[in-house]
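A.B. asks: Under numbering that gives the first Met the number 0, the first residue of the sequence shown is numbered 0, with each subsequent residue one higher. Backbone N, C-alpha and C define an ideal beta-carbon position, used for all residues, glycine too. This is the structure, below, for whatever I ask next.
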Amino acid sequence: MPRLPECLLRLLRGAPSQRACTLLIISFTFMFFVSVMIYWHIAGEPSGQGEFPNLPADVPCPRWVPPKLISRDPSLGNIFFVETSGQTNLTFLFMCSVESAARAHPEARVAVLMKGLSGRNTSLPQHLESSLLGCFPNVHLLPLDLEALFRDTPLEAWYATRRESQEPYIVPVLSDASRITLLWKFGGIYLDTDFIVLRNLQNLTNSLGAQSSDLLNGAFLAFERHHEFLALCMRDFVAHYNGWVWGHQGPQLLTRVFKSWCSVRSLGDSQGCRGSERARESERERERARQGQRKRGETPKQALHCQCRARGRAGTRVVRS
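Below, the structure is given as structure tokens:
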């Protein structure tokens, strides 16, 4: 049987105060090593909660009946999702957002553009190739080549001289730039990756969402190709660029341009002008949404960021962003 070190035996045989001090030191040392082991165990686990690196290779596709097709403008046949952080492992919420858009728009081309697939890395992780998104033929996972996207636009020179390492919000800034450029070049609908689409959105043309009574939001955008409003947004993006202020290139930019476009000082003075509209919900719709949240046990914030609705009849348009 191994013996304790001689110095430790002397301390244990000493006065009661010495023994108590020795036991305290031993206990502290033991707890320190246990804490270090627990920390490294936790730190070694995958950090992306909601990712699925171990998704089975064969995922059965659900059976579903596509909704009845509606007549639409061909330029609105694109639905875009953008991932500008460089990640290639999509979260479950991201996947649900894309799936909901594909289900609600079976005739549209749902493009998921990922910066992490550009350059040398043009292959998808194995679990993405066989994921549930493969069940929808209208979903396309594509590389996001920002240099090519911004070419021949006002953002081309800005992107060539950017300093990503010095800006704290470069990922959302690139996302803001990508969405307005995509819709200007190709037309269609842009959605943030935390939207769950409940109904077809293609009756919303040249529209954008309202975050509050005095601030617009680019989480939902629907525009025809080469719309002048988007061209003004790209010019303002460069002319008043400030990557150090959160939202300056996103909601604040859209709000600035919309006020100038409509010649108003407050968003309350105009719901739309010159072929562009801001979609907002009525008080009746808000109360109906709150009742649904309470029944499902959701918090208002969860429902706010994960729901997008559009009513087909005239005069009712709802977008939550």
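(1) Taking only runs that begin and end inside the segment 124-158, name each unbroken alpha helix (DSSP H) of 4 or more residues, in chain order.
(2) Are F228 and A176 touching if we call contact CB-CB under 8 Å?
(3) Comparing alpha-carbon positions, which option in T180, Q165, L131 lies nearest L145?
(4) Here's the rule: buried if 16 or more other CB atoms are within 10 angstroms of the residue's CB, otherwise exposed. What is G47?
(5) Within 8 Å, do at least three Cβ pairs link the segment 102-112 to the segment 22-38?
(6) Roughly how many whole angstroms lie between the Cα atoms of H225 and N88?
(7) Hey, how far is the Cα of E166 from the Cα of S265?
(8) Is it buried or exposed, V263, if we count other Cβ atoms within 10 angstroms and call 16 or more buried?
(9) Where does S206 fall in DSSP's three states?
(10) What's the C-alpha gap between Q201 and Y158?
(11) Can you tell me where the beta strand (DSSP E) holding V237 begins and where it ends?
(12) Let me confirm a value: W260 is counted as buried when at least 16 other C-beta atoms fall within 10 Å, else exposed. Which label applies?
(13) Would you kindly report the start and end of the unbroken beta strand (DSSP E) that includes R108?
(14) Taking just the CA atoms, how far does A238 sit from I195?
(15) When burial is assigned at 16 or more other CB atoms within 10 Å of the CB, is E106 buried or exposed?
(16) Considering only C-alpha positions, which residue in the set L182, F80, D193 is nearest to C232?
(17) Please report the distance separating the alpha-carbon of T152 from that of M30.
(18) When DSSP builds the beta bridges, which residues end up paired with A221?
(19) In whole angstroms, what separates the C-alpha of G76 from that of M94?
(20) Bridge partners of N77, per DSSP?
(21) Can you tell me whether L215 is helix, strand or coil according to DSSP?
(22) Hey, would you say F321 sits closer than 8 Å to R178, going by beta carbons?
C.D. replies: The relevant details are as follows:
(1) 125-128, 145-149
(2) no
(3) Looking at the Cα atoms, T180 is the closest of the given residues.
(4) The predicted model places G47 with a pLDDT of 46, which falls under 50 and marks its position as unreliable; any figure quoted below should be read in that light. By the neighbour-count rule (16 or more Cβ atoms within 10 Å), G47 is not buried but exposed.
(5) no
(6) 32 Å
(7) 30 Å
(8) In the assembly as shown, V263 is an exposed residue. Its beta-carbon has fewer than 16 other beta-carbons within 10 Å.
(9) strand
(10) If I take the Cα positions, the gap works out to 31 Å.
(11) Premise fails: V237 lies in the alpha helix (DSSP H), 227-238, not in any beta strand (DSSP E).
(12) buried
(13) 108-113
(14) Spanning the alpha carbons of I195 and A238 requires a straight line of approximately 34 Å.
(15) exposed
(16) L182
(17) 60 Å
(18) According to DSSP, A221 shares a beta bridge with I188, S206.
(19) 20 Å
(20) Note: N77 sits in a beta bridge opposite R108.
(21) strand
(22) One cannot answer for residue 321 here, as it falls past the ends of the chain, which runs 0 to 320.
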